[in-house]
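In the working numbering, the protein residues as written are 2 to 387.
Here it is in structure tokens:
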């Protein structure tokens with residue numbers, strides 16, 4: 002006697018080869034959780050998703066230019082997250098490194114430089130650069146935030162044998178803080194060219210134009226650049242264009258995707274449990290809300306944006322404040338707080354059961370982690386048996 006069928010619908014940007022690997026792994030995990038229903042793949046991406054060869058993309062930069070941009074990107078990524086990142090690292094550099102010993106009765110060189118820079122007032126040239134980015138009003142707070150932190154003075158003391166490294170790190174920290182403060186005030190942060198001009202001006206004003214700096218940050222940057230270059234070599238169509246393109250395509254020609262899903266459901270052995278990820282969940286919700294829906298025993302959405310689409314009036318089949326129809330199948334919605342593309346549905350439709358998943362993965366990996374989680378399949382099993 003048949004126990005029914007699970008029809009799994011993938012989300013945006015997924016194609017058959019990747020989906021089949023995901024599905025095979027999901028079958029094993031689901032079986033371990035006690036689910037015996039047959040699995041049917043609903044891989045609509047290959048026949049109906051966007052096709053992109055990349056002919057409209059600009060030519061890639063040279064290897065040298067790409068490496069330069071990757072280093073810049075990696076460094077500023079750190080600093081936008083934490084403007085004091087480099088200065089903080091300098092405080093824990095090699096404690097055994099030799100430090101210049103000052104003459105008796107004189108201040109150490111690091112303290113002289115630190116006090117000079119701490120007393121700095123913007124020069125007219127710097128003011129002009131700040132005005133170019135509408136950053137004049139942000140300067141005082143950014144400067145105060147960085148220079149008043151005890152980390153900054155400690156970085157200079159720990160860098161007594163490489164003072165230029167500390168002053169360069171301080172310049173970047175202030176520029177990064179300017180960027181963060183500007184963005185928080187809805188002002189575009191300084192772009193790469195302006196950041197470089199600001200950096201050059203500060204270093205010149207502080208008389209810290211030194212070439213051939215130490216290699217303290219070199220190994221960290223090298224690892225980060227390798228990662229950036231690896232991501233750059235990935236297929237652009239896989240990482241960006243296909244997901245975006247599939248969403249745009251569904252919004253304009255969603256009926257083809259919905260018909261494809263309907264055909265899979267109609268051909269499956271009942272009772273059918275429909276499990277849909279991401280954009281697949283939007284398509285399934287639309288399908289079940291439109292006239293003459295296919296017969297589905299239960300609906301499970303994972304990492305779904307259908308509640309969000311409904312709330313902003315972008316769901317094709319139902320506009321707020323209309324409720325779910327009373328004959329809509331039982332619906333389980335799984336979300337992960339680390340998945341920024343997952344939403345709760347129960348606040349909008351009280352009949353929907355929301356269950357939180359805790360993959361522990363960062364975004365975007367969290368968005369694709371549901372089907373590999375045995376806790377997810379145990380939750381689905383309990384829902385199917387309820």
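Quick reminder that beta carbons are idealized off the backbone N, C-alpha and C, glycines included. Everything numeric in this text was worked out from a predicted model, so none of it was measured.
* Asked: For the beta strand (DSSP E) that contains residue 338, what are its first and last residues?
  -> Segment: none, residue 338 is in no beta strand (DSSP E) and carries neither H nor E.
(message) Going by C-alpha to C-alpha distance, which of 44, 7, 27 and 21 sits closest to residue 38?
(response) 7
**Item:** Nearest to residue 148 (by Cα), restricted to the options 88, 161 and 49
**Value:** 88
Give me whichever residues DSSP pairs with residue 119 in a beta bridge. Answer is none; residue 119 lacks a bridge partner.
*asked:* Going by DSSP, what residue range makes up the alpha helix (DSSP H) through residue 38?
replied: It is not in any alpha helix (DSSP H) - residue 38 carries neither H nor E in the DSSP assignment.
ask   = Is the distance from the Cβ of residue 290 to the Cβ of residue 300 below 8 Å?
value = no
Note to self: Measuring CB atoms only, is the region 130-145 touching the region 157-165, in the sense that at least three cross pairs come out at less than 8 Å?
What the structure shows: no
Looking at the structure shown, is residue 108 part of a helix, part of a strand, or coil, going by DSSP? coil
Checklist line | Simplified DSSP assignment, three categories, for residue 187 | finding: coil
Discussion item. Applying the 10 Å Cβ sphere with the 16-neighbour rule, what's the burial state of residue 129?
Written reply: exposed
Exercise for the section: Taking only runs that begin and end inside the region 266-322, name each unbroken beta strand (DSSP E) of 3 or more residues, in chain order. Expected result: 273-278 and 299-303
- Query: How would you call residue 306, buried or exposed, if buried means at least 16 neighbouring beta carbons within 10 angstroms?
  - Reply: buried
Q. In whole angstroms, what is the alpha-carbon distance linking residue 285 and residue 292?
A. 13 Å
- prompt: Does the beta-carbon of residue 310 have 16 or more other beta-carbons within 10 angstroms, so that it is buried, or is it exposed?
  reply: buried
### Task
Alpha carbon to alpha carbon, how far is residue 386 from residue 303? Give it in angstroms, no decimals.
18 Å
- request: Could you name the residues of the same chain whose beta carbon sits closer than 7 Å to that of residue 115, not counting the 5 residues immediately before and after it, in chain order?
  value: 154 and 157
Q. Which partner residues does residue 357 have in the DSSP bridge list?
A. 336
Checklist entry - According to the Cβ coordinates, are residue 177 and residue 81 closer than 8 Å? => result yes
Keeping to the same chain, check which residues put their C-beta closer than 7 Å to that of residue 4; ignore five residues upstream and five downstream. 37 and 38
Item to check | Reduced DSSP category for residue 176 - H, G, I as helix; E, B as strand; rest coil | outcome: helix
Determine which residues share a DSSP beta bridge with residue 7 and list them. 40 and 274
Cβ-based neighbour list, residue 272, same chain, cut-off 6 Å, excluding 5 preceding and 5 following: 5 and 298
Is residue 125 helix, strand or coil when you go by DSSP? helix
Under three-state DSSP, which class holds residue 79? helix
Can you grab the Cα-Cα spacing for the pair residue 28 / residue 40, in whole Å?
-> 7 Å
| query | Where does residue 26 fall in DSSP's three states? | reply | helix
- Run of the alpha helix (DSSP H) containing residue 348, from where it starts to where it stops: No alpha helix (DSSP H) contains residue 348, which DSSP labels as neither H nor E.
Could you give the distance in angstroms between the alpha-carbon of residue 63 and the alpha-carbon of residue 84?
30 Å
Practice task
Note down the Cα distance separating residue 159 from residue 209, rounded to an integer number of angstroms.
Solution key: 17 Å
Run of the alpha helix (DSSP H) containing residue 139, from where it starts to where it stops
137-148
| field | Residue environment, residue 124, which counts as buried when at least 16 other CB atoms sit within 10 Å | value | exposed
To the nearest angstrom, report how far apart residue 329 and residue 352 are at their CA atoms.
9 Å
task = Give the straight-line distance between the Cα atoms of residue 46 and residue 281, rounded to the nearest whole angstrom.
result = 10 Å
Quiz item: In whole angstroms, what is the alpha-carbon distance linking residue 372 and residue 308?
Solution: 20 Å
>> Just to check my reading of the structure: residue 145 and residue 207 have Cβ atoms closer than 8 Å, yes? What is that Cβ distance to the nearest angstrom?
In response: With a Cβ gap of about 17 Å, residue 145 and residue 207 do not count as contacting.
Could you tell me how far apart the beta carbons of residue 383 and residue 358 are, in whole angstroms, since I believe they sit closer than 8 Å? At roughly 14 Å, the Cβ-Cβ gap does not stay under 8 Å, so residue 383 and residue 358 are not in contact.
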